[in-house]
Amino acid sequence: MKRVSRLLFIASVVLCIIVPVSLFAGGQKEAAAKPAQETKKAEPFGIAAFIPGVVAGSPLYEQLVAGAKKAVAEHPNAFLKVVEGGFNQAEWEEKVTSLAATGDYKVILTSNPAMPYINADVAKSFPDQKFINVDGYLPGNKQIYTLLYNQVEQGYLAGYLGGLVTKSKMPGANADLKVGMIVAQEYPALTRMIKPGFEKGLHAVDPKITLDYRIIGNWYDANKASDLADSMFDAGVDVILVIAGGANQGAVNAARERGKYILYFDSNEYKTAPGTIVGCSVLYQEKAVYKVVTEAIEGRLKYGTADIVNAADGYVDFIEDDPVYIKTVSKDVREKMSKVVKEFRSGKISLKVPKL
Ligand code: RBF
């Protein structure tokens with residue numbers, strides 16, 4: 023018995039040595055057979071899209087995800103993870119830090135004007151981490167690329183249409199010359215670019231137009247947006263610009279019920295409330311994200327740069343060819359609007375971006 027078990031032991035030791043060695047040799051042979059293919063394969067390029075809020079209902083975040091997905095789909099070595107940071111802004115830095123700490127992502131991609139400062143803080147602890155921050159501005163940080171839209175022009179385009187609508191004979195318009203604006207919260211891009219641009223557009227139509235301006239206090243409370251819109255309509259407002267992410271829907275519903283009008287910002291949303299949304303003053307963030315993410319994956323993006331793009335560059339625009347717009351807005355208004363839109367697109371009119 024003893025001999026048998028000794029033999030079995032020796033046999034298993036021999037097997038243990040021979041089998042893996044032959045497998046290893048086979049593996050080596052396979053590897054040696056396709057070295058060209060191995061070297062051609064690009065390094066994995068991970069992108070974490072950090073959404074400061076939630077994607078659904080926030081036009082620029084929806085566009086960011088769409089643009090990043092498109093760029094990633096064209097590069098087999100790239101992959102994308104979308105992380106929603108939620109509405110507690112105090113938690114964003116910790117969440118971005120956790121993403122950087124994984125070391126899994128070559129780039130952290132994000133969007134809004136508050137994020138460059140958070141990214142810059144996180145960058146100090148992770149010197150190899152790169153950041154792309156669209157809808158933001160921070161020049162001179164070697165780890166961060168930012169792209170700012172000229173929102174003075176975007177605001178002006180919304181304001182010009184708002185002014186034309188409030189002065190028009192369209193069924194929801196009255197004689198009061200009062201236009202509204204509902205925002206989620208205040209921040210420099212809003213108070214120094216968007217709001218002054220909007221007022222400039224209104225006053226280019228008629229200096230007597232007054233602005234009824236209200237703040238919700240967060241980016242999700244659709245009920246509060248609806249209450250604010252109702253009280254503004256009661257006060258004689260007939261058209262409201264909304265910049266409140268997920269809360270926008272409350273104002274849109276209130277306007278629909280009262281036969282009044284909404285100006286939408288950032289994305290083409292005419293079809294979501296035909297007859298109610300009278301103007302969409304947009305940013306082509308999907309196109310911008312697609313471009314810069316492609317450059318990042320291909321190693322061509324210049325970190326440390328802060329670009330600013332406007333209507334003449336093709337990133338700020340007003341949607342005037344949508345059938346819903348053409349059906350909703352009277353011809354005289356559309357013709358006057360079209361003249362101004364063309365002047366922005368050609369660069370004949372351009373507005374300066376202030377210091378933020
Ligand atoms: N826009 C949204 O649509 N949804 C959001 O949740 C949202 N959160 C923001 C939080 C902060 C701190 C800041 C500064 C901006 C936020 N924005 C949000 C606004 C967005 O960046 C942009 O200014 C507006 O969409 C107008 O273009």
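To convert, count from 1 in the sequence shown and add 22; that's the numbering used here.
Don't be surprised by glycine CBs; every beta carbon is placed ideally from N, CA and C.
DSSP state of Phe-72, grouped into three classes? strand
Just to confirm my understanding: we take Pro-57, look at its own chain, exclude 5 residues before and 5 after, and list those with CB closer than 8 Å. What are they? At Pro-57, the pLDDT of 42 sits below 50, so the modelled position is not reliable; the number obtained from the coordinates is stated separately. Here the set comprises nothing.
How far does the alpha helix (DSSP H) with Glu-153 in it reach, from first residue to last? The question names Glu, but residue 153 in the sequence shown is Phe. Careful: Phe-153 lies outside any alpha helix (DSSP H), inside the beta strand (DSSP E) at 152-156.
Can you tell me where the beta strand (DSSP E) holding Ala-328 begins and where it ends? 328-331
Measure from the alpha carbon of Ala-257 to the alpha carbon of each residue in Asn-270, Gly-272, Lys-282 and Lys-246, then state which is nearest. Lys-282
Applying the criterion that 16 or more other CB atoms from any shown protein chain within 10 Å of the CB defines a buried residue, is Ser-147 buried or exposed? exposed
Beta-carbon separation of Tyr-242 and Gly-268 under 8 Å? yes
Just verifying my parser: in three-state terms, what is the DSSP assignment at Ile-238? coil
Phe-340 Cβ short of 7 Å to the ligand RBF heavy atom set: no
Along the beta strand (DSSP E) that carries Met-203, what are the first and last residues, could you check? 200-205
Leu-212: beta carbon under 7 Å from a heavy atom of the ligand RBF? yes
Could you tell me the boundaries of the beta strand (DSSP E) in which Asp-288 lies? 283-288
Spatial neighbours of Gln-59 within its chain, please: CB distance less than 7 Å, with the 5 preceding and 5 following residues excluded, ordered by chain position. Confidence at Gln-59 is low in this model, with a pLDDT of 46, below 50, so the placement of that residue should be treated as unreliable; the coordinate-derived value is given next. Cβ neighbours of Gln-59 beyond the five flanking positions: none.
Between the beta-carbon of Tyr-325 and the beta-carbon of Val-331, is there less than 8 Å? no
In terms of residues, what are the limits of the alpha helix (DSSP H) holding Tyr-139? 137-147
Could you tell me the boundaries of the beta strand (DSSP E) in which Gly-301 lies? 299-305
Pull up the CB-CB distance for Leu-86 and Ala-71, whole angstroms please, since I reckon it's below 8 Å. 6 Å
From which residue to which residue does the beta strand (DSSP E) around Tyr-167 run? 166-171
Locate the beta strand (DSSP E) running through Leu-263, then write down its first and last residues. 261-265
Nearest to Ala-8 by CA position, among Tyr-167, Ser-133 and Ala-123, is which residue? Here the chain covers residues 23 to 378 and nothing more, so residue 8 does not appear.
With C-beta atoms as the reference, is Pro-376 less than 8 Å away from Arg-236? no
Pick helix, strand or coil for Leu-102, following the three-state DSSP scheme. strand
What would DSSP say about Asp-256, mapped onto helix, strand or coil? helix
Got a sec? Which residues, its chain only, sit under 8 Å from Thr-232 by beta carbon, not counting five neighbours each side? Leu-199, Lys-200 and Val-201
Would you decide whether Tyr-159 is buried or exposed? Buried here means 16 or more other CB atoms lie within 10 Å of its CB. buried
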